[in-house]
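220 is the number of the first residue of the sequence shown in this note's numbering; add one for each residue after it. Glycine included, each C-beta is placed from N, C-alpha and C at the ideal position.
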Amino acid sequence: MADKMTPEQRHRCMSHIRGKDTKPELIVRRWLWHQGYRYRLNVKSLPGKPDIVLPRYSTVIFVNGCFWHAHEKCDKYKVPLTNPDFWTAKFKRNRERDERNYKVLHNMGWYVLVVWECQLEKNSRRETLLALSRRLSQIYLDTHNVNLNTPYPTIEDEMPIAAES
Ligand SMILES: [Zn+2]
């Protein structure tokens, strides 16, 4: 089947797949899905229209592009050389809008997590996604009053101690 594609078709097909795979939001969604998390997308009724909403975890996740959301001290964020004043003002507005939305969401009782595009690049992707899972587990324990220190007897307690001669 693949052999019938012209080189050009194959290239277009491959670049389509690659483009899809590297989209930051999809990386996060796919990870969460495979970890068993269930979520809603782009919930319009919430401030800032969070990219991913996990109702069971009272958590919203924003997957932010470093340029448009003006990620501070990030290589991917640079004020363009043409029209710097326009861009500086625009980035300032974007940043303030984000902060405002996070605050309102927080006051509504949501945990707000932000994943930056640069944190999903190959060398740091796994660390970022694992940290995200750890954070969600912690939120779940905190919000469901799960106490891991409950002194239920463990299997070891019930087992007779082996007496070796
Ligand atoms: Zn960044």
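For T278, the enclosing beta strand (DSSP E) starts and ends at T278 to N283. Taking the Cα positions, Y256 is about 20 Å away from N283.
About 6 Å separates the CB atoms of V331 and V279; that is less than 8 Å, so the two are in contact. The C-alpha of W250 lies about 18 Å from the C-alpha of I358. In the three-state reduction of the DSSP assignment, V334 falls in the strand class.
Within the same chain, and ignoring the five residues on either side of C285 in sequence, the residues whose Cβ sits closer than 7 Å to its Cβ are C293, K295, Y296, W335, E336 and C337. In the structure shown, the three-state DSSP call for V247 is helix. When DSSP states are grouped into helix, strand and coil, V323 belongs to the helix group. Excluding sequence positions up to five before and after L324, its CB lies within less than 8 Å of the CB of L265, P266, G267, P269, V279 and V331, all in the same chain and listed in chain order. Counted as a single uninterrupted DSSP element, the stretch harbouring L273 is not any alpha helix (DSSP H) but the beta strand (DSSP E) occupying residues I271 to L273. C-alpha of N302 to C-alpha of V247: approximately 34 Å in a straight line. Take R314, set aside five residues on each side of it, and the residues of its chain with a beta-carbon closer than 6 Å to its own are A289, in chain order. Cβ contact annotation for V298 (same chain, cutoff 8 Å, sequence separation greater than five): W306, T307 and F310, in chain order. Residues whose Cβ lies closer than 6 Å to any heavy atom of ligand 1, listed in chain order: C285, H290, C293, K295, W335, E336 and C337. Residue state for L300 is assigned as coil, using DSSP reduced to three classes. Relative to L351, the option among R319, Y321 and F281 whose CA is nearest is F281.
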